Amino acid sequence: GPVGGESPIRFIHEAAKRIARGEAVVAAICGAEAQSTATKAERAGVTLPWTPFAHDAPEPLRGANYQKPIATTLGVAKPVTVYPFYEAAAAAHWGQTPRQAQQESGELWSRYSKVAADNPEAWLKRAYTPEAITTPTPENRLIAWPYTKLMVANPMVNQAAAILVTSLAKARAAGIPEDRMVHIQGGASAEEPRDYLDRDQYVESHAQNAVLKVAMALAGGHGSAFDAIELYSCFPVVPKMARRTLGLGADVQPTVAGGLTFFGAPLNDYMAHAACAMVRRLRAGARLGLLYSQGGFVTKHHALVLSREAAAHPLAQDTNVQAEADRDRKPVPAFVTNASGTGTVESFTVIYGRGGQIEHGVVILRTADNARALARVPADDTATLAHLMDQDRTPVGSTGAISTAGDGVLEWRVA
124 GPVGGESPIR FIHEAAKRIA RGEAVVAAIC GAEAQSTATK AERAGVTLPW
174 TPFAHDAPEP LRGANYQKPI ATTLGVAKPV TVYPFYEAAA AAHWGQTPRQ
224 AQQESGELWS RYSKVAADNP EAWLKRAYTP EAITTPTPEN RLIAWPYTKL
274 MVANPMVNQA AAILVTSLAK ARAAGIPEDR MVHIQGGASA EEPRDYLDRD
324 QYVESHAQNA VLKVAMALAG GHGSAFDAIE LYSCFPVVPK MARRTLGLGA
374 DVQPTVAGGL TFFGAPLNDY MAHAACAMVR RLRAGARLGL LYSQGGFVTK
424 HHALVLSREA AAHPLAQDTN VQAEADRDRK PVPAFVTNAS GTGTVESFTV
474 IYGRGGQIEH GVVILRTADN ARALARVPAD DTATLAHLMD QDRTPVGSTG
524 AISTAGDGVL EWRVA
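Here the sequence shown is numbered in this note's numbering, starting from 124 and rising by one per residue.
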């Protein structure tokens, strides 16, 4: 299927709906990732003896394919440099200093790592302290402020999972014991605009909110009804936003599998592993489970509710809640590539090289007439970079001067 971390949950949900419509009896959802082998082979100059794509197979599209050219120019057209925009904006919206936001991220990620440490299928089986996760070191380098290597998804894995979905009648006919059955209660899907610069803001995801509200309704109205939860964890801001929508505290147990940093497999298939782990958790005694998945650049969202008990209602077929997500969307500012005067920081990140050096900062600005622009902060502008990375005061909302560099790219300097 298309590239996206939400795809396993989408396929499981679609399989269940087809079975409920009588169009299928048994469905198999299979996924695998071999980026570890593929990367090692490429570095060694080895051609792997894999079956080639069909000659007419479309090239898989990723989030970068939908972004504006200036985003690519500035290096903010890939997940690791886009999610920090949500991180900074959301933390400011929640009234957190950057230090407080980083502490929450470290504590949350530490809980993911502890689950992975006990999961024999995880790629990185080690429990990390919050400090070990958030503190930059040569082994845990900063990639894009404020994210270190241990705060981002780990694609260098070889992992696979498969799931069978069938009807209750077929399961009983096959002799599956009732106490081994896990039932699909329902779920929902929605999306954000593919180009993140065409969104209304970066403090929340309307699509995420919409699908999680459906999940809560299926659980009786509140996120605390779930005994087991898997919150997608490509970057810390995603589960931090999700747990707030669910009404859950900072001490939430966010995973049954271990998360995308420590369990691994973020390209497409992590949530298939999470679904398997959720089935095991429900069979072990949990009553109600939530699988929340996401793909793209906070783009594609899908939630699915599983339980030990069969649903008291037929499985809903119309599960797209795009209209609900769009209803909450505010006007989107015009995007400009030419601007001058004063610019106010809407969000930002600072991009680092593999050797630990700052390459440049990138700010999303609002101009004096409320248009949106991307601007660079050069590596030699140490005052502005220090302002952006101040741990005790957010730069979101601060103002500075917009200029145009010799290469035609906008630059921003703090006032």
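All C-beta atoms in this analysis are idealised placements derived from N, C-alpha and C, irrespective of residue type, glycine included.
Remember, predicted model here, so these are calculated numbers, not experimental data.
Burial state of T368 (16 or more Cβ within 10 Å): buried
Status (buried if at least 16 other CB within 10 Å, exposed otherwise) for T258: exposed
Identity of the residues DSSP links to R499 by a beta bridge: V485 and E534
Closest Cα partner of A292 within the set V473, I142 and D513: I142
For V205 and F385, believed in contact at Cβ under 8 Å, the rounded distance: No, F385 and V205 are not in contact; Cβ-Cβ is about 22 Å, not under 8 Å.
Neighbour-count burial assignment, Q331, 16 or more Cβ in a 10 Å radius: buried
Presumed contact (8 Å Cβ cut-off) between A398 and L287, rounded CB distance: Actually they do not touch by this definition, with Cβ atoms about 11 Å apart.
Cα-Cα separation between F378 and A400, rounded to whole angstroms: The sequence shown places Thr at residue 378, not Phe. Spanning the two alpha carbons is a distance of roughly 9 Å.
Limits of the alpha helix (DSSP H) - the one that V149 falls within: Here V149 belongs to no alpha helix (DSSP H); instead the beta strand (DSSP E) covers V149 to A157.
Contacting residues, own chain, Cβ-Cβ under 6 Å from S526 (five flanking each side not counted): E534
P192 burial status per 10 Å Cβ neighbour count (16 or more: buried): exposed
One or two residues paired with A284 in a DSSP bridge: G154
DSSP state of L184 mapped onto helix, strand, coil: coil
Same chain only: Cβ atoms within 6 Å of E431, ignoring 5 sequence neighbours per side: Reading off the sequence, residue 431 comes out as Arg, not Glu. Excluding positions up to five away in sequence, the list reads L405 and R410.
Nearest-angstrom beta carbon gap, V500 and L508 [assumed within contact, 8 Å]: 6 Å
The region 175-192 contacting the region 330-346, beta-carbon criterion three pairs below 8 Å: no
C-alpha distance - S463 paired with H424, whole-angstrom precision: 37 Å
Short Cβ contact (7 Å threshold) for V203 with V126: no
Backbone CA spacing between A365 and E353 [nearest angstrom]: 10 Å
Segments of 4+ residues assigned as alpha helix (DSSP H) that fall wholly inside the region 292-376: 329-341 and 360-368
Cα-Cα separation, T465 to R536: 10 Å
8 Å Cβ shell around G479 - same chain, five flanking residues per side excluded: P259, P261, R264 and L265
Residue from E315, D321, R322 and F358 with nearest C-alpha to A333: E315
Euclidean distance between Cα positions of T460 and V360: 28 Å
Distance CB(G381)-CB(A283) smaller than 7 Å: no
Simplified DSSP assignment, three categories, for G523: strand
H424 (DSSP reduced to helix, strand or coil): strand
Check: E314 C-beta below 6 Å from any heavy atom of the ligand MG: By its list of ligands, the structure shown contains no ligand whatsoever, and the ligand MG lies outside what it can speak to.
F471, buried or exposed, once every other Cβ within 10 Å from all chains shown has been counted against 16: buried
Continuous beta strand (DSSP E) stretch holding L414: start and end: L411 to G418
G309 vs A446 beta-carbon contact at 7 Å: no
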